[in-house]
Structures are given as C-alpha cells and as structure tokens.
Amino acid sequence: MATIGFIGLGNMGGPMAINLVKAGHSVKAFDLSQDAIAKVVAEGGAAAATASEAATEVDFLVTMLPAGKHVEGLMVTGDAPLFDVVADGTLIIDSSTIDADTAQRVAAIGADRGINFIDAPVSGGVGGAVAGTLAFMVGASDEQFAKAKPILECMGKNIFHAGNNGAGQIAKCCNNMLLSILMTGTAEALNMGVNNGLDPAVLSEIMKQSSGNNWTLQVYNPVPGVMEGVPSSNNYQGGFQVDLMYKDLGLAMEVSQQSASPTPMGSQARALFNLHKAKGNGGLDFSSVYRLYQDEA
76 MATIGFIGLG NMGGPMAINL VKAGHSVKAF DLSQDAIAKV VAEGGAAAAT
126 ASEAATEVDF LVTMLPAGKH VEGLMVTGDA PLFDVVADGT LIIDSSTIDA
176 DTAQRVAAIG ADRGINFIDA PVSGGVGGAV AGTLAFMVGA SDEQFAKAKP
226 ILECMGKNIF HAGNNGAGQI AKCCNNMLLS ILMTGTAEAL NMGVNNGLDP
276 AVLSEIMKQS SGNNWTLQVY NPVPGVMEGV PSSNNYQGGF QVDLMYKDLG
326 LAMEVSQQSA SPTPMGSQAR ALFNLHKAKG NGGLDFSSVY RLYQDEA
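Quick note: to get this note's numbering, add 75 to the position in the sequence shown (first position is 1).
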C-alpha cells in the first residue's frame, strides 16, 4: 500500500480521499477547512497541518483545487511551493479541472526539476466520488499513466489515458461542454412538454426509450420529483454548481478559440448558464437551469 498526500477535500476531494483510505492506503489529508479534514480522519486518514506536510514523504500526491491559478500557485509560484518539498519519485496527480495551458506549463516546470506532474480531471459528480465510480481523463506519459492507474482505480471505474500532459484537461472540456448542451436541451424539452400538459415523469420515460435518450434523463433528471436522490429533488442543493459549470464552459471556449473549433451550441449553453447565474443561482446545482425556462415562460 502507498502513502498518499491529498490536498483539497471539498465535495469531490473529500470522498475521493476517503476511498483511498478504504482501499488500504495511508492518506495524509489537508484542506483549509478543518471540518473537511476531520471527515477524512474519521475514516482512518491522518491530518496534515499544512499543504507542505501533506506533500512530504509520500509516494503520491493528489490535488483537487478550484482553478489553474490555485494549482500553479501551490506547486510553483506561491510562498511555499510544493515543488520545493516533494521527494524524488513522488507522482503528483492533479484532478482539478483547469486550463490545459496551465497543466502543461506546470508539468514542464516539474519535468525540468525531475518532478512528475500529471493532469487527471474527473467526471461523475459527487455521487461518483462517494461511490468510487468516477471517470478519470489522464494527461501523462505512458510510464506515468501506468504508475497512476492503480491509485486512480481506488477512486474510479473508468480510467482513460487521453494523451500527453494537458490532454486530460482538453478531454474534460469537451465532455463538460457536451454535458451542458445535454442538460439545457433536456430541460428545454421537458419544460415544453410540461407546458403542454404532459407528466414530466412519463415524458422522461418516453424520451429515455426513444432517440432523445441521454445521461441527464438516465441519472440526473432536472425536473423536481421525477427522480429520487438527485439535486432537482433536493431543491437543487449539492451536486455540481452552476458557477463551476460556467467556469468549465469558459475553459472550453478558450480551447475552441485556440484551436479555431466552432462551438455554436457550447457558446449558447454558456450564455444560458451565464443568465441563470446572473439571476443569483450560481450556488445551485447545474440542473437548476430548468428553472430558467420556467422563469422565461
């Protein structure tokens, strides 16, 4: 079993760290929230007093942070950069969703110093983090991927080698852009059905068994009361926040511009989430975009 440092114990990172503990690994956990650390400690992990302590004398270091500036600051440009303290042989696995340029830049700086840094963003939401069924999209060399895979398998069930450094982040951008399109389109169709007298549960089942079937209908229905155990049936609490979806769509738009890739539907989805966010819904789950269609009626 490995010794693993874990930094960033939020809605996603906390359950991921706990699953590493449950798999038998020795986990040193750090977060700015003491309550978040306590949850991991309660499951058998160890508390680290600082990020540097979490990164010292470990075989692997997993990070789950909000944005690229946090990752680069923590590793390279901050007051106590972790690249100054990680041991030779430590593999740093960054599961944050950040821009590919930052992921590539940090990896290159690490490589110049003999430090292995890879990007491994995730998909599957909080439910997948808790259940250990996340999908990981990994940007790494073949050797780095082979070393990381057994650790990632403790937290997920689908581990993909997307390519070299940064490729995991590009794959995540593509996936989340499509997810935003699916959610807004599904919400639009369901709202139209409801406005014309259809039962949303019946309409959802019809579409699930027809050519309109998609992930949101299967496991994340946006209409309250149709599906148990999802944010729409909990006043859109928990899950994946509108603010985060909007951030990810911003990353996708950057990728589209850099590669001259037309994204008219992705751009429209981002505009819808921006409008929803501007109405004070940034902290709600992204499936709450269904309310936007109701508001516009």
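For glycine and all other residues, C-beta sits at the position ideal for the given N, C-alpha and C. Nothing here was measured: the structure is a model prediction, and the numbers come from that model.
Straight-line Cα distance separating residue j from residue i
i	j	result
GLY314	SER308	11 Å
LYS352	GLY358	8 Å
CYS248	LEU326	7 Å
ASN191	ASN86	26 Å
GLU371	SER127	49 Å
ALA130	GLY120	14 Å
VAL277	MET302	12 Å
LEU262	PRO297	At residue 262 the sequence reads Ala, which differs from the Leu that was named. Taking the straight line joining both Cα atoms gives about 6 Å.
ILE193	CYS229	17 Å
ALA335	VAL269	39 Å
ALA178	GLN244	8 Å
SER286	LEU273	18 Å
VAL181	GLY148	10 Å
PHE220	PRO275	43 Å
ALA163	THR338	According to the sequence provided, residue 163 is Asp. The question's Ala does not apply to it. Distance between the alpha carbons of ASP163 and THR338: 42 Å.
VAL116	GLN316	26 Å
GLU280	ASN356	28 Å
PHE135	GLN284	44 Å
ASN271	LEU292	19 Å
GLN332	ALA246	16 Å
ALA155	ALA264	50 Å
Proximal residues to residue i (C-beta, below 6 Å), its chain only, five neighbours per side dropped
i	result
GLY89	ALA111 and LYS114
PHE105	ILE82, ALA123, ALA126 and ALA129
ASN233	ALA210
VAL96	VAL102, GLU118, GLY119 and GLY120
Endpoints, the beta strand (DSSP E) within which residue i is located
i	result
ASP194	191 to 194
SER101	101 to 105
MET212	209 to 214
LEU136	135 to 138
ILE173	No beta strand (DSSP E) contains ILE173, which DSSP labels as neither H nor E.
LYS232	231 to 238
GLY80	78 to 82
Minimum C-alpha distance to residue i - residue among the options
i	options	result
LYS222	ASP106, SER127, LEU95 and THR165	THR165
GLY80	ASP154, PRO141 and VAL160	VAL160
ARG345	LEU319, ALA195, GLN333 and SER334	LEU319
PRO196	ALA175, ILE184, ASP187 and LEU367	ALA175
LYS224	GLU263, LEU257 and ILE168	ILE168
PRO299	SER334, ARG366, LYS354 and ASN356	ARG366
MET258	VAL330, PHE158, VAL201 and TRP290	TRP290
VAL330	GLN284, LYS97 and ALA242	ALA242
MET91	ASP187, PRO156 and ILE226	ILE226
MET139	ALA237, PRO156 and LEU84	LEU84
Own chain partners of residue i with C-beta closer than 8 Å, once the 5 adjacent residues on each side are dropped
i	result
LEU324	ASN251, MET252, SER255, GLY341, ALA344, ARG345 and PHE348
ALA142	SER171, ILE173 and LYS322
ASN239	GLY214, ALA215 and SER216
GLY231	VAL197, GLY199, GLY203, GLY207, THR208, LEU209, ALA210 and PHE211
LEU350	LEU367
LYS390	The structure shown has nothing for residue 390, since the chain only spans 76 to 372.
PHE158	MET150, VAL151, ILE184, GLY185, ARG188 and ILE190
Beta-carbon separation (whole angstroms), residue i vs residue j, contact threshold 8 Å
i	j	result
GLU379	ILE82	With the chain covering 76 to 372 only, the question about residue 379 has no answer from this structure.
SER170	VAL137	6 Å
PHE235	ALA210	7 Å
TYR295	SER198	Contact doesn't hold; Cβ gap of about 12 Å is too wide.
ILE184	VAL151	6 Å
Same chain only: Cβ atoms within 7 Å of residue i, ignoring 5 sequence neighbours per side
i	result
VAL133	THR78, ILE79, GLY80, LYS103 and THR165
ASN288	MET282
ASN266	TYR365, TYR368 and GLN369
PRO306	GLN312, GLY313, GLY314, ASP360 and SER362
GLY99	MET76
Residue i: first and last residue of the uninterrupted alpha helix (DSSP H) it sits in
i	result
GLY143	143 to 147
ARG345	339 to 351
TYR311	Element bounds for TYR311: n/a, residue is neither H nor E.
GLY120	Counting along the chain, GLY120 falls outside any alpha helix (DSSP H), and DSSP gives it neither H nor E.
GLY202	200 to 206
ASP163	It is not in any alpha helix (DSSP H) - ASP163 carries neither H nor E in the DSSP assignment.
ASP217	217 to 227
GLU132	Note, GLU132: premise wrong, no alpha helix (DSSP H); not H, not E.
ASP374	Because the chain spans 76 through 372 in this model, residue 374 falls outside it and cannot be assessed.
ALA264	242 to 270
LEU278	275 to 283
THR291	290 to 294
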